[in-house]
Structure formats: structure tokens, C-alpha cells
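Engineer: One structure, as C-alpha cells, below. Some questions next.
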DNA sequence: CCAAAAGTGTTTGTCCTACACCCATGT
DNA sequence: ACATGGGTGTAGGACAAACACTTTTGG
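Residue numbers (the UniProt record's numbering), protein chains in the order written: chain L, 1 to 229; chain H, 1 to 229.
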């Protein structure tokens, strides 16, 4: 292959911050490294970008390879290019964040070769490279974006109660919301639709289940509607 | 140098969308290419990232080299990684956008070797590579961000009239604003301060000049204040 | 004195906030 | 029957929108 310039090239990787939500906390998926540097330490899933795949493809491929997760919400976050961020050589990384619904299978979601696990964002181990900074950036982006884009639904099961929805916002925004006002606001926007189903196996009155109506959201958005919590 | 992996590496560049504002329009700085491909065509300023500089450094260096602009507002936008975006070989580019105050010297800001010029965003020539898509992304980011971060001031001179400020928002947001409500809102936030100076050389009543008070903005922000237009 | 833009107040409606009680269900 | 969370209404205040005239200055 001919090169366009004579200089040494930075290597290019992708790293992904995968967020999940359980009844308590916002969680992040980490991988235990099996190679130096930081051998045995925890890091974000990620890896090198191949010359024949897009950045999004690379992120999706690494996610499947390292965590088994596929078909989840994924969005590019920021590209980190500090010169010494990898002690071996110059590596620029395109960071992504992903949102996934944990449902039941929280706490430990390990896969094939490597050890993968969920950690609460509020209580993380020390991370390799500059991955803590990447995670902080992802967390901040999530906090900012969740308020004016309906991405929070990606963290919930397809059918959810209004309390689950409220809890999701409370965890991400890190403040309490008024139950009555929250319900009024959500139901006033017509994008969360009631279903006929109700919660199961709870030791009290069962809550109605709702779903996010993407079709209505898209229609309203085209008409100038702006989602906001 | 030892390489971490055997695969071919994508090349890495930065490209910068420089916005300026005059009395009429939002403008973008373009460079006329002197090499194939797209020889003679117009493109965003940019170039290869060196192995010993950060991405921000690369963007600033290219800006100085190709347009002469320095010490201006610069922010990373998005990283574009389509496989065929450069016909020669795989090139991933980290896009930035920059904001600059045109003051008097609009229209033609050419430099040393290359030909650089301002074009109104609403009437652009055909651009090389995927630069139109990059520009569109930058434009959309600017539209979104200008409403809740005080970055619009970067497009104005240090002392400006409230009409200039309003005009800046009208051009970027592409809608008219009510003069009285706009003034009330801006002056109610205490971050735009009156100066003792007034406009000069106008054939009618001269307007008072104002300045953005970053110190007050930072203080209020720390107290939970959220800028919004 | 005329043209051109600067500068200013009030009313109306909407939306956000704060707040407390009854309801349905499982044990 | 009781414990647990589900579900609802209202009043007050703050803010956004709509709207027109007077003032200042230069030519």
C-alpha cells in the first residue's frame, strides 16, 4: 500500500462505555484485561479499528466479541487523543457509549474467554489507561442528552411502569422528581402509550405497563415537537 | 517502532469547520485544493495528525498553517470513519468546528500558498470528500449548542450591540426573535454587561455597546445557573 | 423635519411547582 | 386488616409570548 505521507501513524481504536440500569444504580460493563499493560486490571471493552470497517462497525464488532452484546443503542461520544494515553505507543481512540436494558441478568454478565462484569458507576475499580476520563465524559453526555432525547427508554424493558421510568431519570439526573408532576408531564407528551398489561408478581397493587411509541415520537418531531424532561 | 497489531492502519486527519458571521450571513472558511484528488475544488482546512501531537494541537496547527487563524474558539465535533470517504486510501478524520469574529475583514481572507475564502453557508460550492456532511454536522451542532452555551459571543466582537447579538441568534437559529422579549431575557441574566461606549459612524441613534462577562457567567454556572436563549 | 434604528411596559396565557390523600392488591 | 406502592387534582407563581409607541441621532 502506498502511504499519503511519510510520518508515523497513530494507531486507532474504539472503546465503548456500556451503561445498564437495575433497580438501584446505573451500571457500567467492564472487561478484565488479560494482557499487559494493566494486566488483570479493569478496562472498557474496545479494540483496534480495521482498515476495512467503519468506526461504528468496529465498535459493534468489539462489543459482540468482548461482551456478547448485540443490537443495542450505540452512539459515538468523543475522540481521545492525548499523546501518552497508551504507554506503549501513540493510540487515538474513538469512544462510544451504549445503552442496554439489564432486565433480570444484572450483576454478572461474563462471556467466553474474558471476564466481563457490571459495576455501579458510583463504585468503580481503578481503570486502565484514561478510561476513567472516557467514562466520565460518557456519563456527562448521558446526563445531558437524556433530558432532551428519548434515549433513556433504551435502558428499560420494552414494557415498563411509570415508576421505573421516573426512577431511570432520577438515577441519571441524580435528583428526585415529583411523582405527580412527572406523570402529568410524561403522559401529556403522547409518546408514552398505555398498554393493557400490568406488572406481575408484586406484593401490592400492580402498576400499569407503558411503552415508548417511536412512531408517534417521529411524527411529532417532524412537526417541531421537542422532547424534554 | 514496534506495532501493536499486524493489520494495516487507517490514516488519521483533522478537518475544521470555521464559522464566521457578518451583517448578513453565517460564513464558512474554505481552502482551494492544490493537489489531486479534487484539485482546484474547495475543501475544509485540515491535514494529517502527527504522532507526537494531540488532536487539538493538530487542529490548531492546521488552522494556522492553512488560514492564518489562531487563538480562536475550537471544539471537537465528531469523527468520520466511512471506509470510502477518501478515494486514495482509508482515512479517518476527527472533525472540529471553530468560531471567529469577522469584524471588518470578511469576504476574502487568503494566506500564503493556498487560496482561502469565506463562503456563506447558504450558498456553498461543491465540496471535496465528505466535507459537506461534516459541515452539515457542524452547522447542526452550532444550532443546538448556541442555545444553551454562551458560545455565540465568539462570533461577535468583544463589544457588541444587543441588536448584533439578536441578529447572531436569528441567523444561527434561522428564525426571528421579538426585540423586546430578547432584550429583557438577555439583560435579566446578568452575564451581558453594559459598557459606557456606544456604536460609531451610524446614520441614526447610536446603540449602547455590551460585553459578555465570562467571570459572572462562571460564577453563576457554579451556582447551578443554566444559560438559555 | 425626516428617516432609521434604539429603546421601553403591560397583559395574557401557559407551564412548572408544591403539596396530601384515597385506591387497589397481596399477604 | 394492614402494609405497600399506585394513582390522582388544585392553587399559586414564574416565565414566555404577543404586541406599539416614544426617543435619539444624523443627514
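Ideal placement from N, C-alpha and C gives every residue a C-beta, glycine not left out.
Are the CB atoms of residue 195(L) and residue 215(L) within a distance shorter than 8 Å?
Structural biologist: Taking the first residue of the first chain as 1, we reach residue 215(L) at position 215. Taking the first residue of the first chain as 1, we reach residue 195(L) at position 195. Not in contact: residue 215(L) and residue 195(L) (Cβ atoms no closer than 8 Å).
Engineer: So, for residue 90(H): in the same chain, excluding its five sequence neighbours on each side, which residues have a beta-carbon less than 6 Å away from its beta-carbon?
Structural biologist: For the purposes of this step, residue 90(H) is taken as residue 90 along the second chain, with counting starting at 1. Same-chain partners within the cutoff: 10.
Engineer: Hey, does residue 225(H) have any beta-carbon neighbour from chain L nearer than 8 Å?
Structural biologist: Here residue 225(H) corresponds to residue number 225 of the second chain, with the count starting at 1. Taking 8 Å as the threshold, the shortest C-beta distance from residue 225(H) to chain L does not fall below it.
Engineer: What do you reckon, are the CB atoms on residue 80(L) and residue 150(L) nearer than 8 Å?
Structural biologist: For the purposes of this step, residue 80(L) is taken as the residue at position 80 of the first chain. For the purposes of this step, residue 150(L) is taken as the residue at position 150 of the first chain. It is not a contact, given that the beta carbons lie outside the stated cut-off.
Engineer: Work out the CA separation of residue 145(H) and residue 148(L) for me, nearest whole Å.
Structural biologist: On the first chain, residue 148(L) is found 148 positions in, with the first residue counted as 1. On the second chain, residue 145(H) is found 145 positions in, with the first residue counted as 1. Going from the Cα of residue 148(L) to the Cα of residue 145(H) covers about 13 Å.
Engineer: Bridge partners of residue 120(H), per DSSP?
Structural biologist: Position 120 of the second chain, counted from the first residue, corresponds to residue 120(H). Answer is 27(H).
Engineer: What would DSSP say about residue 172(H), mapped onto helix, strand or coil?
Structural biologist: Here residue 172(H) refers to the residue found at position 172 of the second chain. Looking at residue 172(H) - three-state DSSP - the assignment turns out to be helix.
Engineer: Just to make sure I have the definition right: I need the residues of chain H whose C-beta is within less than 8 Å of the C-beta of residue 138(L). Which are they?
Structural biologist: Residue 138(L) sits at position 138 when you count from the first residue of the first chain. Result: empty, since nearest Cβ-Cβ is about 15 Å, beyond 8 Å.
Engineer: If you follow the beta strand (DSSP E) that residue 11(H) is in, where does it begin and where does it stop?
Structural biologist: Counting from 1 along the second chain, the entry for residue 11(H) is found at position 11. Where residue 11(H) is concerned, the enclosing beta strand (DSSP E) stretches over 11 to 21.
Engineer: Going residue by residue through the region 74 to 110 of chain L, where are the continuous beta strand (DSSP E) segments of at least 3 residues, counting only ones entirely within it?
Structural biologist: For the region 74 to 110 of chain L, the full-length beta strand (DSSP E) segments reaching 3 residues or more read 91 to 101 along the chain.
Engineer: Could you pull the start and end residues of the beta strand (DSSP E) that residue 194(L) belongs to?
Structural biologist: Mapped onto the first chain, residue 194(L) falls at position 194. First-last of the beta strand (DSSP E) with residue 194(L): 192 to 198.
Engineer: Within the chosen definition, does the region 175 to 186 of chain H reach the region 37 to 44 of chain H through at least 3 CB pairs nearer than 8 Å?
Structural biologist: no
Engineer: If you count every other CB in all the chains shown that lies within 10 Å of the CB of residue 69(H), and 16 or more means buried, which is it?
Structural biologist: On the second chain, position 69 is the one that residue 69(H) refers to. Looking at its Cβ environment, which holds 16 or more other Cβ atoms inside 10 Å, residue 69(H) is buried.
Engineer: Does the beta carbon of residue 81(H) come closer than 8 Å to any beta carbon on chain L?
Structural biologist: Counted from its first residue, the second chain places residue 81(H) at position 81. Yes, because at least one Cβ of chain L sits closer than 8 Å to the Cβ of residue 81(H).
Engineer: Hey, residue 100(L) and residue 72(L): beta-carbon distance below 8 Å or not?
Structural biologist: Here the question's residue 100(L) lines up with position 100 in the first chain. Here the question's residue 72(L) lines up with position 72 in the first chain. Going by C-beta atoms, residue 100(L) is nearer than 8 Å to residue 72(L).
Engineer: Quickly, what does DSSP pair residue 43(H) with across the bridge? List them, please.
Structural biologist: As a first step, residue 43(H) is located in the second chain; it is residue number 43 there, counting from the start. According to DSSP, residue 43(H) bridges with 31(H).
Engineer: For residue 130(H), count the other beta carbons within 10 Å of its own beta carbon; 16 or more makes it buried, fewer makes it exposed. Which is it?
Structural biologist: In the second chain, residue 130(H) corresponds to position 130, counting from 1. Buried, since its Cβ has 16 or more Cβ neighbours within 10 Å.
Engineer: Please report the straight-line C-alpha distance between residue 203(H) and residue 168(L), rounded to a whole angstrom.
Structural biologist: In the second chain, residue 203(H) corresponds to position 203, counting from 1. In the first chain, residue 168(L) corresponds to position 168, counting from 1. The straight-line gap from Cα to Cα measures roughly 58 Å.
Engineer: Determine the direct distance from the alpha carbon of residue 33(L) to that of residue 116(L), and round the result to whole angstroms.
Structural biologist: Within the first chain, numbered from 1, the residue matching residue 116(L) stands at position 116. Within the first chain, numbered from 1, the residue matching residue 33(L) stands at position 33. Whole-angstrom Cα-Cα distance: 9 Å.
Engineer: Rounding to the nearest angstrom, what Cα-Cα distance links residue 43(H) and residue 177(L) in this structure?
Structural biologist: By one-based count along the second chain, residue 43(H) stands at place 43. By one-based count along the first chain, residue 177(L) stands at place 177. Between residue 43(H) and residue 177(L), the C-alpha separation is close to 48 Å.
Engineer: Under 8 Å Cβ-Cβ, which residues of chain L neighbour residue 73(H)?
Structural biologist: Position 73 of the second chain, counting from 1, holds the residue named residue 73(H). The contacting residues do not exist; residue 73(H) stays about 17 Å from chain L at best.
Engineer: If you drop the 5 nearest sequence neighbours on each side, which residues of the same chain put their C-beta closer than 7 Å to that of residue 199(H)?
Structural biologist: Translated into the one-based positions of the second chain, residue 199(H) becomes position 199. Once the five neighbours on either side are set aside, the close Cβ partners of residue 199(H) are 161, 206, 207 and 209.
Engineer: Against residue 7(L), what residues of chain H qualify as contacts under a CB-to-CB distance less than 8 Å, listed in chain order?
Structural biologist: Counted from its first residue, the first chain places residue 7(L) at position 7. Ordered by position in chain H, the residues that pass the 8 Å Cβ test against residue 7(L) are 48, 50 and 51.
Engineer: For residue 148(L), which three-state DSSP category applies?
Structural biologist: Against the first chain, residue 148(L) aligns to sequence position 148. If DSSP states are grouped into helix, strand and coil, residue 148(L) belongs with coil.
Engineer: State the Cα-Cα distance for the pair residue 7(H) and residue 56(H), rounded to the nearest angstrom.
Structural biologist: Here the question's residue 7(H) lines up with position 7 in the second chain. Here the question's residue 56(H) lines up with position 56 in the second chain. The straight-line gap from Cα to Cα measures roughly 26 Å.
Engineer: Give me the chain H residues within the contact set of residue 230(L), using Cβ-Cβ distance strictly less than 7 Å, ordered along the chain.
Structural biologist: This structure leaves residue 230(L) out entirely; chain L is present only between 1 and 229.
Engineer: Cα separation between residue 85(H) and residue 15(H)?
Structural biologist: As a working note, residue 85(H) is residue 85 in the second chain. As a working note, residue 15(H) is residue 15 in the second chain. Their Cα atoms are separated by approximately 13 Å.
Engineer: Rounded to the nearest angstrom, what separates residue 153(H) and residue 137(H) at their Cα positions?
Structural biologist: One-based indexing of the second chain puts residue 153(H) at position 153. One-based indexing of the second chain puts residue 137(H) at position 137. Rounded to the nearest angstrom, the two C-alpha atoms are 20 Å apart.
Engineer: If you drop the 5 nearest sequence neighbours on each side, which residues of the same chain put their C-beta closer than 8 Å to that of residue 23(L)?
Structural biologist: In the first chain, residue 23(L) corresponds to position 23, counting from 1. If we look at residue 23(L) and ignore the five residues flanking it on each side, its Cβ neighbours are 167.
Engineer: Between the region 117 to 138 of chain H and chain L, which residues of the former have CB atoms less than 7 Å from a CB of the latter, in chain order?
Structural biologist: none
Engineer: Is residue 169(H) close to chain L? Criterion is C-beta to C-beta, closer than 8 Å.
Structural biologist: Position 169 of the second chain, counting from 1, holds the residue named residue 169(H). No - not a single Cβ of chain L is within 8 Å of the one on residue 169(H).
Engineer: Please state if the CB of residue 121(H) and the CB of residue 28(H) are separated by a distance shorter than 8 Å.
Structural biologist: Counting from one through the second chain, the residue named residue 28(H) turns up at place 28. Counting from one through the second chain, the residue named residue 121(H) turns up at place 121. For residue 28(H) and residue 121(H), yes; Cβs fall inside 8 Å.
Engineer: Quick check on the burial criterion: 16 or more other C-beta atoms within 10 angstroms. Buried or exposed for residue 188(L)?
Structural biologist: Start at 1 with the first residue of the first chain, and residue 188(L) comes out as number 188. Burial call: exposed.
Engineer: Taking DSSP as the reference, what is the three-state secondary structure of residue 212(H)?
Structural biologist: Translated into the one-based positions of the second chain, residue 212(H) becomes position 212. Note: residue 212(H) maps to strand in three-state DSSP.
Engineer: Mind checking which residues open and close the alpha helix (DSSP H) that includes residue 55(H)?
Structural biologist: Taking the second chain and counting its residues from 1, one reaches residue 55(H) at position 55. Here the alpha helix (DSSP H) through residue 55(H) covers 55 to 67.
Engineer: If you reduce the DSSP assignment to three classes, tell me which class residue 38(H) lands in.
Structural biologist: As a first step, residue 38(H) is located in the second chain; it is residue number 38 there, counting from the start. Three-state result, residue 38(H): coil.
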